[in-house]
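S.K.: Protein chains in written order, with our numbering: chain A, 2 to 112; chain B, 2 to 112; chain C, 2 to 112; chain D, 2 to 112.
Cβ coordinates follow ideal geometry from the N, Cα and C atoms, glycine included.
Quick caveat: nothing in here was measured; it's all calculated off a predicted structure.
Number of protein chains: 4
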Amino acid sequence: MSSPIDELLQQLRQFRDERDWAQFHNPKDLALALSIEAAELNEVFLWKKPEDADPTRVREELADVLLYAFQLADKYGWDIPQLMQEKLAHNASKYLVVKAKGTARKYDELS
Amino acid sequence: MSSPIDELLQQLRQFRDERDWAQFHNPKDLALALSIEAAELNEVFLWKKPEDADPTRVREELADVLLYAFQLADKYGWDIPQLMQEKLAHNASKYLVVKAKGTARKYDELS
Amino acid sequence: MSSPIDELLQQLRQFRDERDWAQFHNPKDLALALSIEAAELNEVFLWKKPEDADPTRVREELADVLLYAFQLADKYGWDIPQLMQEKLAHNASKYLVVKAKGTARKYDELS
Amino acid sequence: MSSPIDELLQQLRQFRDERDWAQFHNPKDLALALSIEAAELNEVFLWKKPEDADPTRVREELADVLLYAFQLADKYGWDIPQLMQEKLAHNASKYLVVKAKGTARKYDELS
């Protein structure tokens, strides 16, 4: 039985191929598309307090970010939960609890 | 049995709470953090042909984007595969195969 | 006598040519570099109230944004104050005082 | 006699105050607005070769980036050519000609 992630990837490939869009989907432009969607996500919050942003629009723009992120991972053939697990473990070692607790400082500013 | 996505969300909550970072994680700053990671992802491709970017760095920066995207969705209590499914269906209706095939034009420029 | 803008453009061209960087400076990558610097500017404000960001770092990152913006304009041979004047006049017609006063809504949401 | 930059700043202040927008223009949201315009600039190049982007749209989006960059500098009361001059001098010391010539590597990757 396929996972929800595998189903999404399968549908994204079909979506792309029905439109003959593989020709445009090099990783550099996929990453660029992702960052443009990230900006549209941020625009929902612009000039507003965090709690005043419209959740419906946040949800739609966040979805577009995720759809491009999944396509970029798929372009390289990566397992998505695995790459996230690895990076989370790496971040945990950069931001040790004993040093990072209660501060938003970057890892290279932690003493 | 929990899914890989649920496991990741569980670990992300633990990572955040061990560091007492919930105080910083309002949705506006989470979206901002996501877009900053998206820029770091793009930096891997800067001044380069798509195929010359270092896959190891692409993988790491993409992971950071996904980790913030998951945290933002979790902040609102959303089901991640479901919000992606909904948006993919919506995009399919914006980009009809008959009009969008083989062109990279935006939906509002399709005739 | 040359203007401060002309002097900067002259120095930027020299900076680029001494390093033999014109080969990398196509407009697509210049725009990408600009957006990466914009993200570094935003990072100075991340997880913070606006007034808590370090002005010294804001100034440096804003400068990098401006340096790439000037180089991109110069790539096309445009007069910078003129293109800004034109867009400001255009924005004034999109955001009529009578409709836009006191609201942060986008022009297509103004009634 | 006022410079083109001073004239633009004067007009930007008037544009803002006529619309009563100073209430929204904290530096964090100005920086965010700038990065959103930077993304719109990048969208003109998305899925395209650099030379296939529409110069008219590049010009308009670049202008919006510059208008926000100027407003952010003005918020802090900074002299724009001066902050650019200082950063350009700083970048010249980070990217020494003898090391950086002909390579697009970042300063911390130069040997």
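What separation, rounded to the nearest whole angstrom, lies between the Cα atoms of isoleucine 37 of chain C and lysine 100 of chain C?
M.R.: Isoleucine 37 of chain C and lysine 100 of chain C: Cα-Cα distance of roughly 34 Å.
S.K.: Hey, quick one: how far does the alpha helix (DSSP H) through asparagine 92 of chain B stretch, first residue to last?
M.R.: That run of the alpha helix (DSSP H) goes 81 to 95.
S.K.: Cα-Cα, which of D:Thr57, D:Leu73, D:Leu63 and D:Val98 is closest to leucine 13 of chain D?
M.R.: Of the listed residues, the one whose Cα sits closest to leucine 13 of chain D is D:Leu73.
S.K.: Looking at the C-beta of aspartate 112 of chain A, does it have a partner C-beta in chain C at a distance below 8 Å?
M.R.: Here residue 112 of chain A turns out to be serine, not aspartate, going by the sequence shown. So no, serine 112 of chain A is outside the interface.
S.K.: Let me check understanding here. Comparing Cα to Cα, which of C:Gly78, C:Glu62 and C:Lys107 lies closest to asparagine 92 of chain D?
M.R.: Per the Cα distances, C:Glu62.
S.K.: Would DSSP call valine 45 of chain C helix, strand or coil?
M.R.: Valine 45 of chain C falls in the coil class under three-state DSSP.
S.K.: My output table needs one value for alanine 70 of chain B: the three-state DSSP class, helix, strand or coil.
M.R.: In the structure shown, alanine 70 of chain B sits in a helix (DSSP, three-state: H, G or I).
S.K.: Please confirm if leucine 47 of chain C has its CB atom under 8 Å from at least one CB of chain B.
M.R.: Taking Cβ atoms only, chain B reaches closer than 8 Å to leucine 47 of chain C, which makes this a yes.
S.K.: In chain C, what lies closer than 7 Å to aspartate 21 of chain D by C-beta?
M.R.: Simply Lys102 and Gly103.
S.K.: Distance, Cα to Cα, lysine 45 of chain A vs alanine 39 of chain A?
M.R.: A small fix is needed here, since residue 45 of chain A is valine in this sequence, not lysine. In a straight line, the C-alpha of valine 45 of chain A is about 10 Å away from that of alanine 39 of chain A.
S.K.: Is the distance from the Cβ of valine 59 of chain D to the Cβ of leucine 35 of chain D below 8 Å?
M.R.: No. Outside cutoff.
S.K.: Can you tell me the Cβ-Cβ gap for proline 5 of chain B and proline 82 of chain A, rounded? I've got them flagged as a contact below 8 Å.
M.R.: With a Cβ gap of about 4 Å, proline 5 of chain B and proline 82 of chain A count as contacting.
S.K.: Among A:Trp48, A:Gly103 and A:Lys107, which residue has its Cα nearest to the Cα of arginine 17 of chain B?
M.R.: Ranking the options by Cα distance to arginine 17 of chain B, first place goes to A:Gly103.
S.K.: CB alanine 64 of chain A to CB leucine 84 of chain B, shorter than 8 Å?
M.R.: Result yes, Cβ atoms of alanine 64 of chain A and leucine 84 of chain B sit closer than 8 Å.
S.K.: Classify aspartate 75 of chain A: buried if its beta carbon has 16 or more other beta carbons within 10 angstroms, exposed otherwise.
M.R.: It counts as buried.
S.K.: How is leucine 145 of chain C classed by DSSP in three states: helix, strand or coil?
M.R.: Beyond the ends of chain C as shown, which are 2 and 112, falls residue 145 of chain C; an answer cannot be given.
S.K.: Taking a contact to mean a Cβ-Cβ separation below 8 Å, would you say aspartate 30 of chain C touches leucine 47 of chain B in this structure?
M.R.: Cβ distance < 8 Å, so aspartate 30 of chain C and leucine 47 of chain B count as in contact.
S.K.: Distance check for proline 51 of chain A and aspartate 21 of chain A, CA to CA, integer angstroms please.
M.R.: Approximately 39 Å between the Cα atoms of the pair.
S.K.: Among residues of its own chain, excluding the 5 on either side of serine 3 of chain D, which ones have a beta-carbon nearer than 8 Å to its beta-carbon?
M.R.: The answer, listed in chain order, is Gln11.
S.K.: Is it the case that the CB of glutamine 72 of chain C approaches a heavy atom of the ligand MG more closely than 7 Å?
M.R.: As presented, the structure is devoid of all ligands, the ligand MG included, so that no description of it is given.
S.K.: Would serine 3 of chain C count as contacting chain B if we go by Cβ distances under 8 Å?
M.R.: It does not; no Cβ of chain B falls within 8 Å.
S.K.: Give the secondary structure of glutamine 24 of chain A by DSSP, where H, G and I count as helix, E and B as strand, and everything else as coil.
M.R.: Note: glutamine 24 of chain A maps to coil in three-state DSSP.
S.K.: Kindly list the residues whose CB is nearer than 7 Å to the CB of alanine 32 of chain B, restricted to its own chain and excluding five residues on each side of it in sequence; keep chain order.
M.R.: Leu73, listed in sequence order.
S.K.: I'd like to know whether the C-beta atoms of tyrosine 108 of chain D and lysine 95 of chain D end up nearer to each other than 8 Å.
M.R.: A contact, by the Cβ cut-off of 8 Å.
S.K.: Taking a Cβ distance cut-off of 8 Å, strictly less, list which residues of the stretch 55 to 72 of chain D are near chain C, in chain order.
M.R.: Here the close residues are Pro56, Val59, Arg60, Glu61, Leu63, Ala64, Asp65, Val66, Leu67, Leu68, Ala70 and Phe71.
S.K.: Thinking proline 28 of chain D and alanine 54 of chain C are a contact (beta carbons under 8 Å), I'd like their distance in whole angstroms, please.
M.R.: 7 Å between Cβ atoms; contact.
S.K.: Just the Cα atoms here: how many angstroms apart are aspartate 105 of chain B and glutamate 8 of chain A?
M.R.: In the sequence as displayed, the identity of residue 105 of chain B is alanine instead of aspartate. When rounded, the distance between both Cα atoms is 25 Å.
S.K.: What residues in its chain sit with their C-beta under 7 Å from that of alanine 70 of chain D, if we drop five residues either side in the sequence?
M.R.: So the list reads Leu35, once near-sequence residues are dropped.
S.K.: If you run the structure through DSSP and keep just helix, strand and coil, what is tyrosine 77 of chain B?
M.R.: Reduced to three states, the DSSP call for tyrosine 77 of chain B is coil.
S.K.: Which of the three DSSP states is assigned to threonine 104 of chain C in this structure?
M.R.: The answer is coil: DSSP assigns threonine 104 of chain C none of H, G, I, E or B.
S.K.: Between the C-alpha atoms of proline 89 of chain C and glutamate 19 of chain A, what's the straight-line distance to the nearest angstrom?
M.R.: Rather than proline, the amino acid found at residue 89 of chain C in this sequence is leucine. Near 42 Å, if we compare the C-alpha coordinates of glutamate 19 of chain A and leucine 89 of chain C.
S.K.: Taking Cβ-Cβ distances shorter than 7 Å, what residues in chain A pair up with lysine 88 of chain B?
M.R.: Under the 7 Å cutoff, chain A gives Glu61, Ala64, Asp65 and Leu68.
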